[in-house]
Amino acid sequence: MPIKVYLSTAGRPLDPAEASISVFDRGFLYGDSVYETLRTAGGRFVDMRRHLVRLRASAAGIGLDVPHSDEAIRRVVRETCDAAGNPDSYIRIILTRGTGPLMLDPRVSGAPLLVVIVKALQPLPPELYERGISAAIVDVLKPGRLQLDPSLKTGNYLNSILALRQAIDGDAEDAILCNAAGAVAEGATSNVFMVAGGRVLTPSFETGLLKGITRTVVVELAAAQGLQVEEVTIMPAELRAADEVFLTSSVRGVMPVTRLDGVAVHGGQVGPVTRRMIAAYRGYIDAIARGASSE
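Residue 140 is where the sequence shown starts when you use the working numbering, and the numbers rise one by one after that.
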């Protein structure tokens with residue numbers, strides 16, 4: 140499956156073996172970067188506009204200038220996808236603060252570096268959506284806004300890596316993190332939803348979490364089906380007692396959790412509301428693939 144990489148320093152898509160960045164790039168040295176991950180459906184971008192809005196918001200949040208228009212970024216992403224030639228693509232857009240001397244001071248950095256990585260989209264096995272995954276509420280905490288603002292999608296993901304490592308060491312497939320106050324925040328790379336007593340709930344932004352693109356879409360799709368998603372504070376005990384739990388992310392879509400902290404959720408089966416949201420999100424993706432959406 141072909142992989143292509145665009146570097147703004149090269150100005151064109153490259154093979155991975157050709158694509159290299161300086162060891163003095165601040166994204167490499169310090170995680171001083173922002174990024175977005177998205178996919179295509181039928182060769183069309185899924186939620187590109189929303190991703191670019193969030194990319195700019197994240198960049199502004201760390202004081203990083205974006206020296207490219209949205210149109211220019213779209214163009215190089217399209218060129219890179221075309222060069223890769225895959226039926227559908229996984230896309231990662233990265234903007235680093237550029238190169239500089241070995242010092243933290245952001246004022247001494249050079250021009251920002253734009254990187255676009257495109258590889259073939261590899262859908263997860265359908266049976267995963269039928270059986271669900273296992274997750275664990277880990278000890279690793281989600282940083283608060285005064286540490287590393289969780290609403291910014293930055294290149295520093297060590298916190299999530301450590302959380303996922305703890306979950307995997309405990310024989311779970313994914314991690315769910317809490318904030319310093321003990322409330323459920325989000326997954327390692329996803330947003331969290333639960334169903335309890337007929338109510339669909341998700342942690343509020345005040346809890347401290349990334350404003351997930353797929354989270355927003357799922358809330359909209361639920362509303363279209365007459366399901367009002369409530370943004371609330373969720374404690375671990377409430378999540379463990381939920382009738383259903385599912386996670387959302389741009390590449391996985393709606394992923395059911397049928398085992399949490401070693402205990403079956405909904406009898407170890409995918410629940411009815413989760414199935415509705417899986418179907419609704421698939422319908423959303425199919426509509427984009429047919430060209431029925433401007434995204």
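Yeah, the Cβ is synthetic: ideal placement off N, Cα and C, and Gly gets one too.
Buried versus exposed call for residue i [16 or more other C-beta atoms within 10 Å across all chains shown]
i	result
Ile352	buried
Gly309	exposed
Ile232	buried
Gly166	buried
Arg188	exposed
Val173	buried
Asp164	buried
Val95	As shown, the chain starts at 140 and ends at 434. That puts residue 95 outside it, with no answer to give.
Pro342	buried
Nearest neighbour of residue i, chosen from the options [CA to CA]
i	options	result
Val277	Ala327, Val412, Arg183, Ile160	Ala327
Phe332	Gln408, Thr235, Glu369, Arg304	Glu369
Ile142	Pro411, Ile256, Glu266	Ile256
Lys292	Ser161, Glu175, Ala222	Glu175
Leu340	Val384, Ser388, Phe184	Val384
Gly200	Leu168, Ser290, Arg213, Pro240	Ser290
Leu374	Thr346, Lys350, Ala361	The question names Leu, but residue 374 in the sequence shown is Met. That would be Thr346, whose Cα lies nearest to the Cα of Met374.
Asp447	Leu241, Gln408, Gly410, Ser388	Residue 447 lies beyond the range of the chain shown here (140 to 434); nothing can be said about it.
Ser432	Ala158, Leu177, Arg183, Asp154	Arg183
Alpha-carbon to alpha-carbon, residue j and residue i
i	j	result
Tyr145	Val254	6 Å
Ala156	Lys258	14 Å
Ala211	Arg338	43 Å
Arg170	Ala320	For clarity, residue 170 is Gly in the given sequence; the question names Arg instead. Answer to the nearest angstrom: the Cα atoms are 26 Å apart.
Gly365	Arg415	12 Å
Ser197	Gly294	10 Å
Tyr420	Leu243	42 Å
Val162	Ala426	42 Å
Val216	Ala222	10 Å
Gly283	Leu203	20 Å
His405	Glu269	13 Å
Val247	Leu194	22 Å
Tyr97	Val371	Because the chain spans 140 through 434 in this model, residue 97 falls outside it and cannot be assessed.
Arg213	Ile424	19 Å
His207	Arg304	36 Å
Ala363	Leu168	45 Å
Ile160	Gly239	12 Å
Pro411	Leu301	32 Å
Phe360	Gly430	For clarity, residue 360 is Leu in the given sequence; the question names Phe instead. The alpha-carbon atoms of Leu360 and Gly430 are separated by roughly 18 Å.
Cys220	Ala428	15 Å
Phe344	Val409	26 Å
Beta carbon of residue i nearer than 8 Å to that of residue j
i	j	result
Leu234	Asp209	no
Thr413	Val393	yes
Asn330	Leu386	yes
Arg236	Pro251	yes
Thr179	Leu263	no
Asp382	Val323	no
Near the ligand NAP: residue i beta-carbon under 7 Å from a heavy atom
i	result
Ile427	Absence of the ligand NAP is noted for the structure shown, with no ligands found whatsoever.
Test: residue i CB closer than 8 Å to a CB of chain D
i	result
Leu234	Protein chains in the displayed structure number just one, and chain D is not present.
Report task. Would you be able to state if there are at least three C-beta pairs under 8 Å between the stretch 140 to 151 and the stretch 313 to 328? Result -> Between the stretch 313 to 328 and the stretch 140 to 151 there are fewer than three C-beta pairs closer than 8 Å, too few to call the two in contact.
Query raised in the report: Is the stretch 263 to 273 close to the stretch 390 to 403, with three or more CB pairs under 8 Å?
Result: yes
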